[in-house]
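**Student:**
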Amino acid sequence: MVGDGQRPAGKPLRAAQDEAGVPPGVWKGRGLAAVGLKAGDVVTERQAELLLGEGRHPDADRIERELLAQGKSLAQARRATVLGRPIEHNRSPKTDKAKERTPWLGFDLVFRPPPTAHIAWALGDDKTRLVLELCQDIARDKTLAWLGDEVAEIRWKGGGKRRARVKDGLIVAVFRHYESRAAESKPLLHDHAVVTVRVRRPDDKGTWGNLSADSLMAHIVAADTLYILYFMEEVSARLGWAWEPREVTPGRRPVMEIAGIDQRLIGWQSTRRQQIEDALPVLTAKYEERQGHPPGDRASYALACQAADQTRPPKRTELLSLTELRERWRDSAIRAYGADVVDRLAERARAAAAAVWARVRPVVDIALAAVDVVAVVYVMRGAFKRHHLLAEARRYLSYVLRGRPHQARLDEQIVQTVVDDYTRPASRRMMTADLRALYPRDTEDQAVLRPLTRKRSAPQYERARLAAGALATRAHAVRRAERLSSRTRPRAVAVPAASRSHPRPFHSDQEAVRVLEPETGVDRVEQTGRSLEAAAKLQDGSRERAVAHGPRPQPAPATAPPPHPQQPGTQHRRGRTTGGVA
Numbered sequence: 005m006v007g008d009g010q011r012p013a014g015k016p017l018r019a020a021q022d023e024a025g026v027p028p029g030v031w032k033g034r035g036l037a038a039v040g041l042k043a044g045d046v047v048t049e050r051q052a053e054l055l056l057g058e059g060r061h062p063d064a065d066r067i068e069r070e071l072l073a074q075g076k077s078l079a080q081a082r083r084a085t086v087l088g089r090p091i092e093h094n095r096s097p098k099t100d101k102a103k104e105r106t107p108w109l110g111f112d113l114v115f116r117p118p119p120t121a122h123i124a125w126a127l128g129d130d131k132t133r134l135v136l137e138l139c140q141d142i143a144r145d146k147t148l149a150w151l152g153d154e155v156a157e158i159r160w161k162g163g164g165k166r167r168a169r170v171k172d173g174l175i176v177a178v179f180r181h182y183e184s185r186a187a188e189s190k191p192l193l194h195d196h197a198v199v200t201v202r203v204r205r206p207d208d209k210g211t212w213g214n215l216s217a218d219s220l221m222a223h224i225v226a227a228d229t230l231y232i233l234y235f236m237e238e239v240s241a242r243l244g245w246a247w248e249p250r251e252v253t254p255g256r257r258p259v260m261e262i263a264g265i266d267q268r269l270i271g272w273q274s275t276r277r278q279q280i281e282d283a284l285p286v287l288t289a290k291y292e293e294r295q296g297h298p299p300g301d302r303a304s305y306a307l308a309c310q311a312a313d314q315t316r317p318p319k320r321t322e323l324l325s326l327t328e329l330r331e332r333w334r335d336s337a338i339r340a341y342g343a344d345v346v347d348r349l350a351e352r353a354r355a356a357a358a359a360v361w362a363r364v365r366p367v368v369d370i371a372l373a374a375v376d377v378v379a380v381v382y383v384m385r386g387a388f389k390r391h392h393l394l395a396e397a398r399r400y401l402s403y404v405l406r407g408r409p410h411q412a413r414l415d416e417q418i419v420q421t422v423v424d425d426y427t428r429p430a431s432r433r434m435m436t437a438d439l440r441a442l443y444p445r446d447t448e449d450q451a452v453l454r455p456l457t458r459k460r461s462a463p464q465y466e467r468a469r470l471a472a473g474a475l476a477t478r479a480h481a482v483r484r485a486e487r488l489s490s491r492t493r494p495r496a497v498a499v500p501a502a503s504r505s506h507p508r509p510f511h512s513d514q515e516a517v518r519v520l521e522p523e524t525g526v527d528r529v530e531q532t533g534r535s536l537e538a539a540a541k542l543q544d545g546s547r548e549r550a551v552a553h554g555p556r557p558q559p560a561p562a563t564a565p566p567p568h569p570q571q572p573g574t575q576h577r578r579g580r581t582t583g584g585v586a
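Listed below in structure tokens is the structure:
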């Protein structure tokens, strides 16, 4: 509640927040009306203590006084203020395994924009700072609303056997922080959204219960990708900036960054990450010596968490306001890279955005997006659930749209297409890719995909992109054959459109997404021998017809038009450090 500063004992909360340079927390969520609060109200110390610390009504003191005045006993008055089961129940000797149970009253969800957004927020002018903070507010609130409306479940009965959607929505206390935990203070705009587990059941009585923790935590990655998608759209709409993928770790998933931001500033801002990367090789070497083999994906993640814990510096005791922090950050960046890099940050971002929108046409083909999603998730996980597909569909939209707004529930449409057309049950709760649907009556092409998905020497995500690229090449050949053929045939395969492409300019600022049935919105590049052979045959046929019939006469123009400049064709692999389009 006071950032990373230390709050002296006895000091009021608001005074400690002012000294720490962080704003007071605010209440968010549709469930606030059930406890008499409004969105945007300041989180007081007593409200947080009651609701987040004891699971009681945030205005419990007033309710207790009124009930005591009516003649109720102290125990009755206190019980009336408890939302759901009292936390004392967990310490009762009558409770099964009482010593092992610990009351769990909230989730701390952290909303953090990409690194280049921190840089623009810290080094830009006040107008840019306020706009980025507004984008953060909107993206965070939309994501919390999705969690409350589509994900949050309440459980009751023994072992949480009965589950249903919450009645009113979530109750969330949001606290904004401005800096990272690095030894030298660095900009890190992020929000801590503390979600209380107390929610109302969907019945007429309005009784209270607890959120299902596993339902909420299972959708954390899907919520993260949705938040990034919303944040990108708000920044592009309000500042006119575009986004491009940046590969942080070779073979791993890329992150979306603001186009035009000097990459050196990312290293200046990410000193905390550098501390972790410096400590990680030592831990990895110890692991290999102890286990006799390199760490896998899960072990690598555990080692990264261990490196983060070992290098975590103590909280700083020096308290600075946001204005003082921004001045310090600006001086530090100018000393490192010069005033020109810092002062022209927004100008270069706008110029880079114009170049991106001149080359990239953000068009989504649901059929192609569906197979891109199922190919990546299948290679990454084997068996999966719907929320895994939803997270990958939102990543796909962020790669393709580059900040342009997407149609409502377009991600759900992509996932539903995957579930209906390209999956089969793998167990009672899991599903997997249906390779027969991806390769109908085509056993030769199955041999193309399997070596790519089983290339163990390559990182897992790189294998996933190789598989999606193989499917894309096959789909492009099938679609081209359909266009060249005089008879129409039903489409049996749909595959990803963004693995290789020659982007075309974006012609309309009003139209953000166009769902195309027969065509994709980008030019395709054939990469297999079969595609090249078909193109060669087509070219040879054209030459034969030209020789047989002779050249067709063309009328000479009265005035020769000026030569039209042509942009160089460059290949694009989604998820590379070239920023998507080289």
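For what it's worth, the working numbering labels the leading residue of the sequence shown as 5, then goes sequentially.
Each residue gets a CB set at the ideal place from its N, CA and C atoms; glycine is no exception.
#1: Helix, strand or coil: how does DSSP classify A13 here?
#2: Can you tell me whether G401 is buried or exposed, with buried defined as 16 or more other CB within 10 angstroms of its CB?
#3: Rounded to a whole number of angstroms, what is the C-alpha to C-alpha distance between L323 and V225?
#4: Leaving aside the five residues before and after L41 along the sequence, list all residues of the same chain whose C-beta is less than 7 Å from its C-beta, in chain order.
#5: Can you tell me whether DSSP reads Y443 as helix, strand or coil?
#6: Let me make sure I understand the geometry here. Which of D153, L138, W247, Q310 has the alpha-carbon closest to that of V364?
#7: What are the partner residues of G110, as DSSP defines its beta bridges?
#8: Going by beta carbon distance, what residues of the same chain come within less than 7 Å of V201, once the five residues before and after it are set aside?
#9: Taking R180 as part of the beta strand (DSSP E), name the residues at either end of that continuous run.
#10: If I follow the unbroken alpha helix (DSSP H) through W247, where does it start and stop?
#11: What residue from R432, I265, G300 has the CA that sits closest to A350's CA?
#12: Given D112, which residues of its chain have a CB within under 7 Å of its CB, disregarding the five upstream and five downstream residues?
#13: Work out the CA separation of Y426 and A516 for me, nearest whole Å.
#14: Give me, in chain order, the residues of the same chain whose beta-carbon lies closer than 8 Å to that of L138; leave out the 5 immediate sequence neighbours on both sides.
#15: If we ignore side chains and look at the alpha-carbon of each, how far apart do S74 and Q310 end up?
#16: Spatial neighbours of A20 within its chain, please: CB distance less than 6 Å, with the 5 preceding and 5 following residues excluded, ordered by chain position.
#17: Indicate, with yes or no, if the ligand FMN has a heavy atom lying under 7 Å from the CB of Q74.
#18: Determine the DSSP secondary structure at P285, reduced to helix, strand or coil.
#19: By the DSSP assignment, the alpha helix (DSSP H) with P429 in it spans what residues?
#20: Just checking, does the stretch 364-384 make contact with the stretch 418-433 on the three C-beta pairs under 8 Å criterion?
#21: Check for me: the beta strand (DSSP E) holding K32 runs from which residue to which?
#22: Roughly how many angstroms separate the alpha carbons of V114 and A149, rounded to a whole number?
#23: Leaving aside the five residues before and after P298 along the sequence, list all residues of the same chain whose C-beta is less than 7 Å from its C-beta, in chain order.
#24: Measure the alpha-carbon distance for A79 versus L17 and round it to whole angstroms.
#25: With DSSP as the reference, identify every bridge partner of L215, one or two as the case may be.
#26: Could you give the C-beta distance for L326 and G25, rounded to a whole number, given that I count them as a contact under 8 Å?
#27: My output table needs one value for R50: the three-state DSSP class, helix, strand or coil.
#28: For R257, which residues in the same chain have their Cβ closer than 6 Å to its Cβ, ignoring the five residues on either side in sequence?
#29: In whole angstroms, give me the CA-to-CA distance for W160 and A168.
#30: Could you check what DSSP says for P463 in three-state terms: helix, strand or coil?
**Tutor:** According to the structure shown:
#1: coil
#2: The sequence as given places Leu at residue 401; Gly does not occur at that position. Classification of L401: buried, given that the 10 Å Cβ count is 16 or more.
#3: Taking the CA atoms as reference points, L323 sits about 34 Å from V225.
#4: W31, P62
#5: coil
#6: W247
#7: In the DSSP assignment, the residues bridged to G110 are T200.
#8: W108, L109, G110, N214, L215
#9: 176-183
#10: Taken as a continuous stretch (DSSP letters only), W247 belongs to no alpha helix (DSSP H), being part of the beta strand (DSSP E) at 247-250.
#11: I265
#12: H196, V198
#13: For A516, the predicted structure reports a pLDDT of 36, less than 50, and the residue's modelled location is therefore unreliable. The matter cannot be settled from this model.
#14: E238, R242
#15: Note on residue identity: the sequence assigns Gln, not Ser, to residue 74. Near 56 Å, if we compare the C-alpha coordinates of Q310 and Q74.
#16: Same-chain partners within the cutoff: V6, R11.
#17: In the structure shown, the ligand FMN is absent, as is every other ligand, since no ligand is present at all.
#18: helix
#19: Premise fails: P429 lies in the beta strand (DSSP E), 427-429, not in any alpha helix (DSSP H).
#20: The stretch 364-384 is in contact with the stretch 418-433.
#21: 30-32
#22: 15 Å
#23: Correct list, in chain order: E292.
#24: 29 Å
#25: As DSSP reads the structure, L215 sits in a beta bridge with I158.
#26: 5 Å
#27: helix
#28: Y465
#29: Straight across, the Cα-Cα distance linking W160 with A168 is about 9 Å.
#30: coil
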